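S.K.: There's a structure below that I have some questions on.
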Amino acid sequence: MHTDKPLFQLHAEIDTRVQAIRAERADWLCGKGCDSCCRRLADVPRLTAAEWRLLQQGLAAMTASQLDDIAQKMVALAAEHGRPVVCPLLDQTTGACPVYAHRPVACRTYGFYAQRALGLYCGDIEAQVAGGELTDVVWGNHDAVDQQLGALGEARALTDLWFGRGKD
Ligand code: SF4
Ligand code: SF4
Numbered sequence: 290m291h292t293d294k295p296l297f298q299l300h301a302e303i304d305t306r307v308q309a310i311r312a313e314r315a316d317w318l319c320g321k322g323c324d325s326c327c328r329r330l331a332d333v334p335r336l337t338a339a340e341w342r343l344l345q346q347g348l349a350a351m352t353a354s355q356l357d358d359i360a361q362k363m364v365a366l367a368a369e370h371g372r373p374v375v376c377p378l379l380d381q382t383t384g385a386c387p388v389y390a391h392r393p394v395a396c397r398t399y400g401f402y403a404q405r406a407l408g409l410y411c412g413d414i415e416a417q418v419a420g421g422e423l424t425d426v427v428w429g430n431h432d433a434v435d436q437q438l439g440a441l442g443e444a445r446a447l448t449d450l451w452f453g454r455g456k457d
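Just so we're aligned: 295 in my numbering is position 6 of the sequence shown, and the numbers increase by one with no gaps anywhere.
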């Protein structure tokens, strides 16, 4: 029997950090419709089993037409190796994430967490950092999140998980 408690604890920690940043900065760049990060992923998203179980709940709530659209994008993504990657789940018309409540951890931290070795990921936010506008922000620690995610087990590519649906 799976317990996804560690994942939900991690979500709660991330929510606390995100809310603290938003409370200090009502004008924070991240928001619905700002989808540049979903359009320029470094690679196909990778999910742990717990994240995939949660994401599947979001997929289950989608219409057949939405799922058909995603299926086509998954096929295209599996066949090509161009980078950056546009997330196959993104609603490219509205710029919204259709599985927002069920999205992976990386999507929850992006824009609010920094990784010591690699710096900040989002170019839009990096520009503000470079301009000295965000010197007082207490960023989340991405290295710690990676460690907690690693403890949840192996992560697999979203395309592999998608095509393996129903085979587990
Ligand atoms: S991380 Fe950057 S691109 Fe993504 S929502 Fe935030 S500001 Fe927009
Ligand atoms: S799952 Fe949602 S938030 Fe994450 S990259 Fe895809 S569209 Fe963006």
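Ideal Cβ positions, reconstructed from N, Cα and C, are used throughout, including at glycine. Keep in mind the model is a prediction, meaning the values are calculated, not measured.
Should residue 371 be labelled buried (16 or more other beta-carbon atoms within 10 Å of its own) or exposed?
M.R.: Mapped onto the sequence shown, residue 371 falls at position 82. Label assigned to residue 371: exposed.
S.K.: To the nearest angstrom, report how far apart residue 382 and residue 323 are at their CA atoms.
M.R.: In the sequence shown, residue 382 corresponds to position 93, counting from 1. In the sequence shown, residue 323 corresponds to position 34, counting from 1. C-alpha separation (whole angstroms): 12 Å.
S.K.: Which residues does DSSP list as the beta-bridge partners of residue 425?
M.R.: As a position in the sequence shown, residue 425 is number 136, starting the count at 1. Looking at the DSSP assignment, residue 425 forms no beta bridge with any residue, so it has no partner.
S.K.: Shorter than 7 Å, the distance from the beta carbon of residue 318 to the closest heavy atom of ligand 1, or not?
M.R.: Residue mapping note: residue 318 aligns to position 29 of the sequence shown, counting from 1. Yes, Cβ of residue 318 sits closer than 7 Å to a heavy atom of ligand 1.
S.K.: Would you mind sorting residue 374 into buried or exposed? The rule is 16 or more other CB atoms within 10 Å of its CB.
M.R.: Translated into positions along the sequence shown, residue 374 becomes position 85. Buried, because 16 or more other Cβ atoms sit within 10 Å of the Cβ of residue 374.
S.K.: Does DSSP put residue 358 in a helix, a strand or coil?
M.R.: Taking the first residue of the sequence shown as position 1, residue 358 is located at position 69. DSSP places residue 358 in helix when its eight states are reduced to three.
S.K.: Using only the heavy atoms of ligand 2, determine whether one of them is closer than 7 Å to the beta carbon of residue 386.
M.R.: Your numbering for residue 386 matches position 97 in the sequence shown. Because some heavy atom of ligand 2 lies under 7 Å away, the Cβ of residue 386 counts as near it: yes.
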